[in-house]
Amino acid sequence: SQTIHQWPATLVQPVGSPLSLECTVEGTSNPNLYWYRQAAGRGLQLLFYSVGIGQISSEVPQNLSASRPQDRQFILSSKKLLLSDSGFYLCAWSGGLTVTEAFFGQGTRLTVV
Amino acid sequence: KQEVTQIPAALSVPEGENLVLNCSFTDSAIYNLQWFRQDPGKGLTSLLLIQSSQREQTSGRLNASLDKSSGRSTLYIAASQPGDSATYLCAVIQGGSEKLVFGKGTKLTVNP
Chain A
1 SQTIHQWPAT LVQPVGSPLS LECTVEGTSN PNLYWYRQAA GRGLQLLFYS
51 VGIGQISSEV PQNLSASRPQ DRQFILSSKK LLLSDSGFYL CAWSGGLTVT
101 EAFFGQGTRL TVV
Chain B
114 KQEVTQIPAA LSVPEGENLV LNCSFTDSAI YNLQWFRQDP GKGLTSLLLI
164 QSSQREQTSG RLNASLDKSS GRSTLYIAAS QPGDSATYLC AVIQGGSEKL
214 VFGKGTKLTV NP
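Protein sequence lines, in the order shown, are assigned to chains A and B.
Numbering follows the numbering used here, in which position 75 of the first sequence is assigned residue number 75; successive positions increment by one, without gaps.
Numbering follows the numbering used here, in which position 41 of the second sequence is assigned residue number 154; successive positions increment by one, without gaps.
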């Protein structure tokens, strides 16, 4: 069966520090991968999605970047965090060849101080 | 641009009540619609997926319907329990796109 792993679960980082959040999927190949951010009162905002290795689509201009170095690995990064980067970050995957059910990781609570 | 709206934003009901959560979307050219549940501080758990060619899906006490032409979906929860308390989110995937577009959710509280 397919599983999705996301870590760390919580993270407190100072302003100006770098960020790296990792997400991996097991049990499937060529998945679509997504990074979402959830802020209170604003719902789920799509940050990046990827349909294949090295293929990244950015939805909103921001202080973040994403990479997909392997088929089932999706990384969210920042060189210098801002206070406004605080939030709940969620990774998700869905079927690659046909668009099917989406599954989410358990999320990372990021607090920038 | 696809927009998804969920009404009500919050709902509080006594245990045992049947209830309906609503989801509407502005562009009917969707590929599928998915309902999720989110507990506080947790990720999203998939509840039901409805393909665009389907009218409804059922899982246990949950039944989701889809009316593409009117841009609406409902999630029906039968005989609600305190354990059903959570935020319920609906999301659509636009035809020709790989992106899930979410509503802001309905926060459900079932009181014992």
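Every residue gets a Cβ at the ideal spot worked out from N, C-alpha and C, and that includes glycine.
Remember, it's a predicted structure, so these values are computed and weren't measured experimentally.
CA-to-CA distance, residue j to residue i, given in whole angstroms
| i | j | result |
| --- | --- | --- |
| residue 22 of chain A | residue 214 of chain B | 22 Å |
| residue 13 of chain A | residue 64 of chain A | 15 Å |
| residue 81 of chain A | residue 62 of chain A | 11 Å |
| residue 131 of chain B | residue 205 of chain B | 25 Å |
| residue 172 of chain B | residue 105 of chain A | 22 Å |
| residue 28 of chain A | residue 153 of chain B | 28 Å |
| residue 114 of chain B | residue 210 of chain B | 12 Å |
| residue 7 of chain A | residue 17 of chain A | 18 Å |
| residue 108 of chain A | residue 179 of chain B | 32 Å |
| residue 110 of chain A | residue 222 of chain B | 27 Å |
| residue 68 of chain A | residue 55 of chain A | 7 Å |
| residue 42 of chain A | residue 48 of chain A | 17 Å |
Proximity to residue i [Cα-Cα], best of the options
| i | options | result |
| --- | --- | --- |
| residue 75 of chain A | A/92, A/12, A/1 and A/17 | A/92 |
| residue 88 of chain A | A/19, A/14, A/59 and A/39 | A/39 |
| residue 187 of chain B | B/201, B/193 and B/194 | B/201 |
Listed by chain order, chain A residues near residue i by CB distance under 7 Å
| i | result |
| --- | --- |
| residue 156 of chain B | 90, 104, 105, 106 and 107 |
Within chain B, the residues that residue i reaches when beta carbons sit closer than 7 Å
| i | result |
| --- | --- |
| residue 101 of chain A | 147, 159 and 162 |
Buried/exposed call for residue i, threshold 16 Cβ in 10 Å
| i | result |
| --- | --- |
| residue 163 of chain B | buried |
| residue 77 of chain A | exposed |
| residue 120 of chain B | exposed |
| residue 219 of chain B | buried |
Partners in chain B for residue i, counting only beta-carbon separations shorter than 8 Å
| i | result |
| --- | --- |
| residue 32 of chain A | 211 |
| residue 12 of chain A | Those do not exist, as residue 12 of chain A stays about 15 Å from chain B at its closest Cβ, beyond 8 Å. |
| residue 51 of chain A | 211 |
Chain D residues whose Cβ lies nearer than 7 Å to that of residue i
| i | result |
| --- | --- |
| residue 217 of chain B | Considering every chain present, this structure includes no chain D. Its protein chains are A and B. |
Neighbour list for residue i in chain B, Cβ cutoff strictly below 9 Å
| i | result |
| --- | --- |
| residue 46 of chain A | 212, 213, 214 and 215 |
Identity of the residues DSSP links to residue i by a beta bridge
| i | result |
| --- | --- |
| residue 214 of chain B | B/205 |
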